[in-house]
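Engineer:
Number of protein chains: 2
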Amino acid sequence: MPVAIEIEARDDEARAGILRTPHGAVPTPTFMPVGTKGTVKGLTPGDLRSVGTGIVLGNTYHLYLRPGVDLVQKAGGLRGFTSWEGPMLTDSGGYQVFSLAHRRKISEEGVRFSSVYDGSSHFFTPELTTKVQEVLGADIAMVLDECPPANASREYHADSLLRTARWAKRCKETHSREDQALFGIVQGGLHPDLRKESLERTVELNFPGYAVGGLSVGEPREEMLQMLSLVASRLPADKPRYFMGIGDPVGILQVIALGVDMFDCVLPTRLARHGTALTNDGRINLKNAPYRRDLRPLDPECSCEACKGYSRAYLSHLVRENELLAHRLVTLHNVHFTSELCGRARAAIVEGRYREFIEAWILRYAGGRPLDVAR
Amino acid sequence: MPVAIEIEARDDEARAGILRTPHGAVPTPTFMPVGTKGTVKGLTPGDLRSVGTGIVLGNTYHLYLRPGVDLVQKAGGLRGFTSWEGPMLTDSGGYQVFSLAHRRKISEEGVRFSSVYDGSSHFFTPELTTKVQEVLGADIAMVLDECPPANASREYHADSLLRTARWAKRCKETHSREDQALFGIVQGGLHPDLRKESLERTVELNFPGYAVGGLSVGEPREEMLQMLSLVASRLPADKPRYFMGIGDPVGILQVIALGVDMFDCVLPTRLARHGTALTNDGRINLKNAPYRRDLRPLDPECSCEACKGYSRAYLSHLVRENELLAHRLVTLHNVHFTSELCGRARAAIVEGRYREFIEAWILRYAGGRPLDVAR
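For the record, the sequence lines run as chains A and B. For the first sequence, the tail end lands on 355 under my numbering, and the numbers increase by one without skipping. For the second sequence, the tail end lands on 355 under my numbering, and the numbers increase by one without skipping.
This is how it looks when you write it as structure tokens:
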């Protein structure tokens, strides 16, 4: 198996491990910053290493459309193209097809959609997205799944999960790259029985790792956690578990508590570009007046380049003037913050004090305010 | 004198020296990247050091309006605010008042203008801009000058240079910071006799350094060089000479040939944000089709981070997608390229082969095309 996880410690359901990949080992739980178009916006691979990023996610949908797979192949795959030499994961493009495309038509064969860039028509099949991901060459590829809208009917979800399972089988049959692992994805909406059915149909295909998809898409956080708990407790304990699309600090700690090893989200980087920094005392919106003259660092406990070198006042000035350096430095900080949070969670799991850690951490972060549950 | 130049070598009129400042020594000739609003767009101070920047320019006009002098003062001056610890120069804001403000009214006392940010009314006097620059705390401050439009009448230029000389005197009388040098500015448009008069009236005030202003504002390059030659040959040989506003490689080499030690321009950084890179074989517009699939570095002879880590194809992709990292990496390259060009010019001067160097360099850079004279 090119990708495997060694679980070093458990604390209730939470797991601390090492994800082994052909391009390096990653301590888990781990946050994967999203390199949408072949770049984690504003950061170099060197920056990512400096803030403790272990594995980066690439978006097949975007890269397939721009700059195109042939060019990435010519450049030696996504790693050669972007100069990120560490572990990578690519999604299948399924999520983007279902969240970005205005026009799409699903059939048993695949999904036809219009490009978000120029409206041109494209057709993704399980075979195509698998082959494309083989060319992109990440350590981990994902099956093509359908991610139905949160408000789709139960009947729709029931049909959809069966199609997703059939697609998963086709992806697996197509996949041949031996230095790349293909992960399955569990869907099923917010219906416990459908989640269980999707889980069984995915696990019986015996993937080297499993993702939980279709959650954190607008449902109440409590429901999300119930579904995740149901699925995670039934996933093979010896395989990596990837929760798709969570990046707020509280949510990260909550899914870790349920046994998740990996997760991705654009939230930390997107917030940064809107001038919002994550700190141990909650979010800071640098556009707000109090930070204009605040000479403290973003987070006095943080050791990142942004916190070591600059004040909130300076960063607030850069944010107000929409300066490139604002986006860069706050992004750097937010990714560092999120990586470090995972590292602290890991240490707490290893030391058997995860429950205390998460309670104390959330209490401080939320500061008595309602929990921060935005995606 | 807080700021002085030691001339190490001459080759005809060209000079190689060391500019001594309270915050470090800078080999000259030197290009000063422009940190308009307290940041060289997209780069950190560490980046600037890594590409060989010796001295950074700050814009008094912008910093006075945003974030305001009181905040910069509270942060320990521009150096404390921005974390750039090396030598700095601030302009007086005069150029921006005359180039950016839609409404302005000049009197003997000073100039009233509307803020480019919010239209609010402000009044710059020689005394105010001098005091503001003392608070900003750069190693070199500039007198408040009027930079008349290129098409102003001879009579206007004649009056204006006299007012600029009177303002220079008031700046000098106001200036009291002992760890900061105040430079005078020679104006006079494209009129040789007015240039000489402005020169005499400025030099008689005995500044520790002199700038040549009001050139490279749209006039033919040949005329610019004639005016500069006239002025430079009459400036005190033992004082630093600063040509305001030149940044294209050919222009830089040409003003160095006439004895200029320092120069600034937004061109290298602005070009970068529009996707154009400077190379030894001329400019490259990364939006152009040939670079889409070009896996070579921007400039194979360049050792900057952008050239060592990334291909033209990758950078072209980032430019097309308007990614933050495009602006950052191409800016880094263009500043590195310009700094290195100054270093090569310096070596050629020291070795007494500047004429051969400049001829060979321009021949290759221009590649038989008409000389690149855009500002």
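Ideal Cβ placement from N, Cα and C applies to all residues, glycine included.
In whole angstroms, what separates the C-alpha of A/G34 from that of A/E281?
Structural biologist: Reading the first sequence from its first residue, position 54 is the one you call residue 34 of chain A. Reading the first sequence from its first residue, position 301 is the one you call residue 281 of chain A. Rounded to whole angstroms, A/G34 to A/E281 spans 21 Å at the Cα level.
Engineer: What residues from chain A crowd round B/L275, counting only those whose CB sits closer than 8 Å?
Structural biologist: In the second sequence, the residue the question calls residue 275 of chain B occupies position 295. Within chain A, the residues near B/L275 are K54, A55.
Engineer: Please list, in chain order, the chain B residues whose beta carbon lies closer than 7 Å to that of A/T19.
Structural biologist: Within the first sequence, the letter at position 39 stands for residue 19 of chain A. By Cβ distance, chain B contributes L298, E303, L305.
Engineer: Does the beta carbon of A/L28 come closer than 7 Å to any beta carbon on chain B?
Structural biologist: Taking the first sequence and counting its residues from 1, the one referred to as residue 28 of chain A is at position 48. For A/L28, the answer is no, since every Cβ of chain B falls outside 7 Å of its Cβ.
Engineer: Quick one: measure Cβ to Cβ for A/P270 and A/D119, integer angstroms, because I've assumed they're closer than 8 Å.
Structural biologist: For this step, residue 270 of chain A is matched to residue 290 along the first sequence. For this step, residue 119 of chain A is matched to residue 139 along the first sequence. At roughly 44 Å, the Cβ-Cβ gap does not stay under 8 Å, so A/P270 and A/D119 are not in contact.
Engineer: Under three-state DSSP, which class holds A/M122?
Structural biologist: Here residue 122 of chain A corresponds to residue number 142 of the first sequence, with the count starting at 1. DSSP places A/M122 in strand when its eight states are reduced to three.
Engineer: Quick check on B/I86: does DSSP put it in helix, strand or coil?
Structural biologist: On the second sequence, position 106 is the one that residue 86 of chain B refers to. Strand, per DSSP.
Engineer: Would you kindly work out how many angstroms separate the C-alpha atoms of B/L23 and A/E158, rounded to a whole number?
Structural biologist: Along the second sequence, read from residue 1 onward, the residue named residue 23 of chain B stands at position 43. Along the first sequence, read from residue 1 onward, the residue named residue 158 of chain A stands at position 178. So the alpha carbons of these two residues sit roughly 41 Å apart.
Engineer: What's the C-alpha gap between B/D274 and B/R292?
Structural biologist: Within the second sequence, the letter at position 294 stands for residue 274 of chain B. Within the second sequence, the letter at position 312 stands for residue 292 of chain B. So the two alpha carbons sit approximately 6 Å from each other.
Engineer: Which of the three DSSP states is assigned to B/H297 in this structure?
Structural biologist: Taking the first residue of the second sequence as 1, we reach residue 297 of chain B at position 317. Three-state result, B/H297: helix.
Engineer: Check the DSSP bridge columns for A/P7 and list the partner residues they point to.
Structural biologist: Mapped onto the first sequence, residue 7 of chain A falls at position 27. Under DSSP, A/P7 takes part in a beta bridge, and its partners are A/I(-2).
Engineer: Nearest-angstrom Cα distance between B/S30 and B/L43?
Structural biologist: In the second sequence, residue 30 of chain B corresponds to position 50, counting from 1. In the second sequence, residue 43 of chain B corresponds to position 63, counting from 1. The straight-line gap from Cα to Cα measures roughly 25 Å.
Engineer: For the putative contact between B/F78 and B/E135, defined by C-beta atoms under 8 Å, what is the C-beta separation to the nearest angstrom?
Structural biologist: Against the second sequence, residue 78 of chain B aligns to sequence position 98. Against the second sequence, residue 135 of chain B aligns to sequence position 155. In fact, because the Cβ distance is near 18 Å, the residues do not count as touching under 8 Å.
Engineer: By DSSP, does B/H171 sit in helix, in strand, or in coil?
Structural biologist: Sequence index remark: in the second sequence, residue 171 of chain B carries index 191 (1-based). DSSP places B/H171 in coil when its eight states are reduced to three.
Engineer: Are there three or more Cβ pairs, one per stretch, closer than 8 Å when the region 147 to 158 of chain A is compared with the region 182 to 189 of chain A?
Structural biologist: yes
Engineer: Report the residue from B/K219, B/L312, B/Y190, B/L238 whose alpha carbon sits nearest the alpha carbon of B/M204.
Structural biologist: On the second sequence, position 224 is the one that residue 204 of chain B refers to. Answer by Cα proximity: B/L238.
Engineer: With contact counted as at least three CB pairs below 8 Å, one residue from each stretch, are the region 170 to 180 of chain A and the region 93 to 110 of chain A in contact?
Structural biologist: no
Engineer: Short check: CB of B/V141 to CB of B/G168, under 7 Å?
Structural biologist: Residue mapping note: residue 141 of chain B aligns to position 161 of the second sequence, counting from 1. Residue mapping note: residue 168 of chain B aligns to position 188 of the second sequence, counting from 1. Looking at the sequence itself, residue 141 of chain B is Leu, so the reference to Val does not match. The answer is yes: Cβ separation under 7 Å.
Engineer: Is it true that the CB of B/P47 sits closer than 7 Å to the CB of A/H297?
Structural biologist: Within the first sequence, residue 297 of chain A is the residue found at index 317, counting from 1. Within the second sequence, residue 47 of chain B is the residue found at index 67, counting from 1. In this structure, B/P47 lies closer than 7 Å to A/H297 by Cβ.
Engineer: For a quick check, are the C-beta atoms of A/P277 and A/C287 less than 7 Å apart?
Structural biologist: By 1-based counting over the first sequence, the position of residue 277 of chain A is 297. By 1-based counting over the first sequence, the position of residue 287 of chain A is 307. Yes; because the gap between Cβ atoms is below 7 Å, this pair is in contact.
Engineer: Kindly indicate the opening and closing residues of the alpha helix (DSSP H) around A/A161.
Structural biologist: Stepping through the first sequence from its first residue, residue 161 of chain A is reached at position 181. Careful: A/A161 lies outside any alpha helix (DSSP H), inside the beta strand (DSSP E) at 161 to 166.
Engineer: Apart from the five residues on each side of it in sequence, which residues of its chain come closer than 7 Å, Cβ to Cβ, to B/A138?
Structural biologist: Within the second sequence, numbered from 1, the residue matching residue 138 of chain B stands at position 158. Same-chain partners within the cutoff: L174.
Engineer: Quick check on B/G231: buried or exposed, where buried means 16 or more other Cβ atoms within 10 Å of its Cβ?
Structural biologist: Numbered from its first residue, the second sequence carries residue 231 of chain B at position 251. That one is buried.
Engineer: Quick one: what's got a C-beta closer than 7 Å to A/V235's C-beta in the same chain, skipping five residues either side?
Structural biologist: Mapped onto the first sequence, residue 235 of chain A falls at position 255. If we look at A/V235 and ignore the five residues flanking it on each side, its Cβ neighbours are L208, F223, I226, F243.
Engineer: Quick check on this structure: which residue in B/P7, B/R250, B/G255 has the alpha carbon closest to the alpha carbon of B/A325?
Structural biologist: As a working note, residue 325 of chain B is residue 345 in the second sequence. Of B/P7, B/R250, B/G255, the residue nearest in Cα terms is B/P7.
Engineer: Would you call B/N39 buried or exposed, if buried means 16 or more other Cβ atoms sit within 10 Å of its Cβ?
Structural biologist: Translated into the one-based positions of the second sequence, residue 39 of chain B becomes position 59. A residue is called buried when at least 16 other Cβ atoms come within 10 angstroms of its Cβ; B/N39 meets this threshold and is buried.
Engineer: For A/I226, name the three-state secondary structure that DSSP assigns.
Structural biologist: Locating residue 226 of chain A in the first sequence gives position 246, counting from the first residue. Shown here, A/I226 sits in coil according to DSSP, grouped into three states, outside any helix or strand.
Engineer: Please report the straight-line C-alpha distance between B/R92 and B/T144, rounded to a whole angstrom.
Structural biologist: The count along the second sequence starts at 1 and reaches residue 92 of chain B at position 112. The count along the second sequence starts at 1 and reaches residue 144 of chain B at position 164. Roughly 15 Å separates the two Cα atoms.
Engineer: Based on the DSSP output, what are the partners of B/D71 in its beta bridges?
Structural biologist: Looking up residue 71 of chain B in the second sequence gives position 91. As far as DSSP is concerned, B/D71 takes part in no beta bridge.
Engineer: Distance, Cα to Cα, A/V115 vs A/G73?
Structural biologist: Locating residue 115 of chain A in the first sequence gives position 135, where the first residue counts as 1. Locating residue 73 of chain A in the first sequence gives position 93, where the first residue counts as 1. Inter-residue distance for A/V115 and A/G73 is about 14 Å (C-alpha atoms, whole angstroms).
Engineer: Take A/L309 as the anchor and find which of A/Y190, A/A(-11), A/T249 has the nearest alpha-carbon.
Structural biologist: Sequence index remark: in the first sequence, residue 309 of chain A carries index 329 (1-based). The shortest Cα separation from A/L309 among A/Y190, A/A(-11), A/T249 belongs to A/T249.
Engineer: Closer than 7 Å, CB to CB, is B/Y271 near chain A or not?
Structural biologist: For the purposes of this step, residue 271 of chain B is taken as residue 291 along the second sequence, with counting starting at 1. Not closer than 7 Å to any Cβ of chain A, the Cβ of B/Y271 fails to qualify, so no.
Engineer: A/Y294 CB to nearest chain B CB: under 7 Å?
Structural biologist: Locating residue 294 of chain A in the first sequence gives position 314, where the first residue counts as 1. Chain B contact via Cβ: present.
Engineer: Enumerate in chain order the residues of its own chain whose CB-to-CB distance from B/L266 is below 6 Å, with the five nearest sequence positions on each side excluded.
Structural biologist: As a working note, residue 266 of chain B is residue 286 in the second sequence. Within the same chain, B/L266 has close Cβ partners G255, L295, S296, V299.
Engineer: Would you mind stating whether B/D71 and B/M12 have Cβ atoms separated by less than 7 Å?
Structural biologist: Along the second sequence, read from residue 1 onward, the residue named residue 71 of chain B stands at position 91. Along the second sequence, read from residue 1 onward, the residue named residue 12 of chain B stands at position 32. No, these two residues do not count as a Cβ contact at 7 Å.
Engineer: How would you call B/Y75, buried or exposed, if buried means at least 16 neighbouring beta carbons within 10 angstroms?
Structural biologist: Position 95 of the second sequence, counting from 1, holds the residue named residue 75 of chain B. The residue is buried, with at least 16 neighbouring Cβ atoms inside 10 Å.
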